[in-house]
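J.: Protein chains in written order, with the working numbering: chain A, 1 to 337; chain B, 1001 to 1337.
Ideal Cβ placement from N, Cα and C applies to all residues, glycine included.
Just so you know, these numbers come straight off a predicted model, no measurement behind them.
There are 2 protein chains.
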Amino acid sequence: MTATLHDVARAAGVSIKTVSNVINNYPHVRDATRERVEAAIDELQYRPNQAARSLRSGRTDMIGLIVPDLRNPYFAELADDVMRAARAHGFSVLIEQFDADRDSELAALRGARRRGLDGVLYSVLSLGEDDAPLLDEVGMPMVLLGERIFHSAHDHVTMRNTEAAREATAHLLASGRRRVIALGSHPGEIVGSAGLRLRGYETALDEAGVAVDPALVVPVDRWHRVDGADAMRAVLDSGLEFDGVVAFNDSIALGAMRVMLERGIRIPDEVSLVGFDDLDETRYSLPALTTIDPGRSEIARVAVEQLVRRITGDAADEEPREVLVDFRLVERESTTR
Amino acid sequence: MTATLHDVARAAGVSIKTVSNVINNYPHVRDATRERVEAAIDELQYRPNQAARSLRSGRTDMIGLIVPDLRNPYFAELADDVMRAARAHGFSVLIEQFDADRDSELAALRGARRRGLDGVLYSVLSLGEDDAPLLDEVGMPMVLLGERIFHSAHDHVTMRNTEAAREATAHLLASGRRRVIALGSHPGEIVGSAGLRLRGYETALDEAGVAVDPALVVPVDRWHRVDGADAMRAVLDSGLEFDGVVAFNDSIALGAMRVMLERGIRIPDEVSLVGFDDLDETRYSLPALTTIDPGRSEIARVAVEQLVRRITGDAADEEPREVLVDFRLVERESTTR
DNA sequence: CTGAAAGCGCTTACAG
DNA sequence: CTGAAAGCGCTTACAG
Chain A
1 MTATLHDVAR AAGVSIKTVS NVINNYPHVR DATRERVEAA IDELQYRPNQ AARSLRSGRT
61 DMIGLIVPDL RNPYFAELAD DVMRAARAHG FSVLIEQFDA DRDSELAALR GARRRGLDGV
121 LYSVLSLGED DAPLLDEVGM PMVLLGERIF HSAHDHVTMR NTEAAREATA HLLASGRRRV
181 IALGSHPGEI VGSAGLRLRG YETALDEAGV AVDPALVVPV DRWHRVDGAD AMRAVLDSGL
241 EFDGVVAFND SIALGAMRVM LERGIRIPDE VSLVGFDDLD ETRYSLPALT TIDPGRSEIA
301 RVAVEQLVRR ITGDAADEEP REVLVDFRLV ERESTTR
Chain B
1001 MTATLHDVAR AAGVSIKTVS NVINNYPHVR DATRERVEAA IDELQYRPNQ AARSLRSGRT
1061 DMIGLIVPDL RNPYFAELAD DVMRAARAHG FSVLIEQFDA DRDSELAALR GARRRGLDGV
1121 LYSVLSLGED DAPLLDEVGM PMVLLGERIF HSAHDHVTMR NTEAAREATA HLLASGRRRV
1181 IALGSHPGEI VGSAGLRLRG YETALDEAGV AVDPALVVPV DRWHRVDGAD AMRAVLDSGL
1241 EFDGVVAFND SIALGAMRVM LERGIRIPDE VSLVGFDDLD ETRYSLPALT TIDPGRSEIA
1301 RVAVEQLVRR ITGDAADEEP REVLVDFRLV ERESTTR
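(1) Under 8 Å Cβ-Cβ, which residues of chain B neighbour Phe-93/A?
(2) When you compare the stretch 157-171 of chain A with the stretch 249-262 of chain A, are there three or more beta-carbon pairs, one atom per stretch, that lie closer than 8 Å?
(3) Going along the chain, which unbroken runs of the alpha helix (DSSP H) with 4 or more residues stay wholly within the stretch 1043-1106 of chain B?
(4) Return the first residue and the last residue of the beta strand (DSSP E) that Leu-1329/B is part of.
(5) Short of 6 Å in beta carbon distance, which residues of its chain neighbour Gly-275/A, apart from the five on each side in sequence? Order them along the chain.
(6) How would you list, in chain order, the residues of chain A whose beta-carbon sits under 8 Å from the beta-carbon of Asp-987/B?
(7) If you draw a straight line from the C-alpha of Gly-1313/B to the C-alpha of Glu-1137/B, how long is it?
(8) I'd like to know whether the C-beta of Arg-47/A is nearer than 8 Å to at least one C-beta of chain B.
(9) Flag Tyr-1284/B as yes if its beta-carbon sits less than 8 Å from any beta-carbon of chain A, otherwise no.
(10) Taking Met-1260/B as part of the alpha helix (DSSP H), name the residues at either end of that continuous run.
(11) Would you list, in chain order, the members of the stretch 257-271 of chain A that have their beta-carbon closer than 7 Å to a beta-carbon of chain B?
(12) Counting only beta-carbon atoms, is Arg-114/A nearer than 8 Å to chain B?
(13) Nearest CA to the CA of Val-82/A: which residue from Arg-310/A, Glu-319/A, Val-304/A and Asp-317/A?
(14) Flag Ser-1054/B as yes if its beta-carbon sits less than 8 Å from any beta-carbon of chain A, otherwise no.
(15) In whole angstroms, what separates the C-alpha of Thr-18/A from that of Ser-123/A?
(16) Hey, does Glu-1207/B have any beta-carbon neighbour from chain A nearer than 8 Å?
(17) Quick check on this structure: which residue in Met-257/A, Asp-293/A, Ser-297/A and Ile-267/A has the alpha carbon closest to the alpha carbon of Glu-1281/B?
(18) As a quick exercise: from Leu-1127/B, Val-1217/B and Thr-1162/B, pick the residue whose alpha carbon is nearest that of Val-1067/B.
(19) Of the choices Arg-1148/B, Asp-1243/B and Thr-1004/B, whose alpha-carbon is the least far from that of Arg-1053/B?
(20) Could you pull out every unbroken alpha helix (DSSP H) segment of at least 4 residues lying fully inside the stretch 1097-1169 of chain B, listed in chain order?
(21) Which value, in whole angstroms, describes the spacing of the CA atoms of Val-1226/B and Ala-32/A?
(22) Kindly indicate if chain B contains any beta-carbon less than 8 Å away from that of Gly-313/A.
(23) Does the stretch 1089-1101 of chain B come into contact with the stretch 1061-1079 of chain B, if we say contact requires no fewer than three beta-carbon pairs (one atom in each stretch) closer than 8 Å?
(24) Compare the beta carbon distance of Gly-1047/B and Arg-166/A with 8 Å and say whether it is the shorter of the two.
(25) Do three or more CB pairs link the stretch 184-199 of chain A to the stretch 149-162 of chain A at distances below 8 Å?
(26) Check for me: the beta strand (DSSP E) holding Ser-1334/B runs from which residue to which?
(27) Taking Gly-244/A as part of the beta strand (DSSP E), name the residues at either end of that continuous run.
(28) Taking the C-alpha atoms as reference points, what is the distance between Leu-307/A and Ala-153/A?
(29) Against chain A, does Thr-1290/B count as a neighbour if the rule is that its beta carbon must be under 8 Å from one of theirs?
(30) Please report how far the alpha carbon of Ala-12/A lies from the alpha carbon of Leu-44/A, in whole angstroms.
(31) For the stretch 65-83 of chain A, which residues have a CB atom closer than 7 Å to at least one CB atom of chain B, in sequence order?
(32) Could you check whether the stretch 74-81 of chain A touches the stretch 319-337 of chain A, counting it as contact only if at least three pairs of C-beta atoms, one from each stretch, sit closer than 8 Å?
(33) At which residues does the beta strand (DSSP E) containing Gly-209/A begin and terminate?
(34) So which residues of chain B does Asp-280/A contact, with C-beta pairs closer than 7 Å?
(35) Tell me whether the beta-carbon of Leu-216/A lies closer than 8 Å to the beta-carbon of Val-271/A.
(36) Taking the alpha-carbon positions, what's the Ser-238/A to Ile-1267/B distance?
Here it is as structure tokens:
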């Protein structure tokens, strides 16, 4: 069967401790001994058993990534970034998806715990401030991505939602637009991404001396392409007048774009459109989409690094940190100056 | 610290074997005993230690998914499908990405082995038939997705590449197109997706009595949007005449579409365009893209099921299976009848 | 610089 | 229906 530490030790004529030392790169092993052990490892094709290692060390070198779903390109690109960042620290990533309800989200959290991961990155969706106590039960290091839970005892890495929405909106206003739709609001929400982005939208209008027209604030519950398309269809059917759209993510922007173009609306001549996320596909729509680059790979990098510091204990006594990453407006063809 | 089996046994006044029986749902436990044990579990908030469990049982209940990268929407959607299918069997999924070179691909395979997974799903990209021996060294159940390795000792689940490409091409020919580009070939490749799809393209031309013009067979190395866009730009700059495009996946189709529209080419009036994969975003381009639904979630479902059967031993003595899943041409706006 | 021993927390035969 | 014992394959103090 597969070789164990004992087999290697026997073959090399040393104790298992010495083999372990070689495998784990402990410094004080004589060169001759090391070579003998390595030869035995090669010969026997020995691979350390991870389960035994984990049982003894209490570490799995795996972290969880808990996200809504990879069909949403934002999370697919985030997962890519997280996996690359984790690999740089020697960690693998186990992804848990959840559906758009609280129970599914809680089940994903419990699943992470059950698997004995070293820690989790969690992109909050349905859970709110009242659920903060539940997070403490996860029982392992956790770094939050996104906005939903405002006060919590956990590290938190996110983008500057409000400032970015303000800049996106100001960009449309600067080109003379005055009837700008906010597409993607979640009525009643304050601390989530939708709430924060709406605040930025309102701030930009205020600063430009333009009154906020509630009719222009259009709710979109989920933020997939189909939802943006449906919402825009309803807007156009209602006869609402507008000359700009700040979509709260790129998927709904692209769904809305398709519907507007299909109805013969010229973008950006008649309507300017700006999104959020800088998905790869926004470069290939026609017109290419102006959008906010939210610093997603930076978010992934910082979040993984902070999680690893919690896992290793390097950040043991640190207060929970909130890290805000820089964003950038990426001007393409769907808006004008 | 965290409770162990012994703590629960002590609290419930039974042996650890009985607690284990309760946790693993063994049938022969008296109801009263079971209740006492469950009460103790709740009280102590006991969670089984996965590492210990795996060490003893030799199972981790995790499978690997080895794919090029999740930035490619096809693999993101595949990963989603695989995770859902795996969950239905009680498995979690650990995703390993690799870059477009052999070494990176081999490293991903080795990584899967190192992690002590129960099995892997592997979407072959760079490895070829000569590498088949390397696959045997993986040392765990493995099911292959995609086409690259033709003969191998492993199960293999894939779409009907040749037939689908034939149908896509025939669809363009039926509407009167005669100068149809094959966009995405890999010169010299025979057993990979590109080779098989090219064969289907040629077959359809033959059947329609149209000669294959080598100038219309356009290589595209990687199959991302940017590559499709670059290739189409080169085609247009070259002055090549054509009235149809069979793109070998949706990403290059969408990249090419963007470039054609930008140059003022009307789709489908002047050029008909068909893709492969039925990505969600193909519904939202303008025109919406006609494409091949490759049966991706069925591929995921069947592949996971077969892998699980290998892991549990239910398929122990079975010969390696090749499963071909049904496809479907999805007609949208980028082609005409 | 290397060894002998203990033990991480389970499951798996084996008894009874 | 339940118990006592062994052992999965490592790492971690502890010696020397």
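T.: Based on what the coordinates show:
(1) The sequence given here places Val at residue 93/A; Phe does not occur at that position. Simply Leu-1094 and Ile-1095.
(2) no
(3) 1050-1057 and 1073-1088
(4) 1328-1330
(5) Ala-247, Asp-250, Ala-253, Leu-289 and Thr-291
(6) No statement about residue 987/B is possible, as the shown extent of chain B runs from 1001 to 1337 and does not include it.
(7) 19 Å
(8) yes
(9) yes
(10) 1250-1262
(11) Arg-258, Leu-261 and Glu-262
(12) yes
(13) Val-304/A
(14) yes
(15) 43 Å
(16) no
(17) Met-257/A
(18) Leu-1127/B
(19) Thr-1004/B
(20) 1102-1114 and 1132-1136
(21) 53 Å
(22) no
(23) yes
(24) It should be pointed out that residue 1047/B corresponds to Arg in this sequence rather than to Gly. No. Outside cutoff.
(25) yes
(26) From DSSP, Ser-1334/B is part of no beta strand (DSSP E); its letter is neither H nor E.
(27) 244-247
(28) 14 Å
(29) no
(30) 11 Å
(31) Asp-69, Leu-70, Arg-71, Pro-73, Ala-76, Glu-77, Ala-79, Asp-80 and Met-83
(32) no
(33) Unbroken run through Gly-209/A: none, as it is neither H nor E.
(34) Arg-1071 and Arg-1225
(35) no
(36) 30 Å
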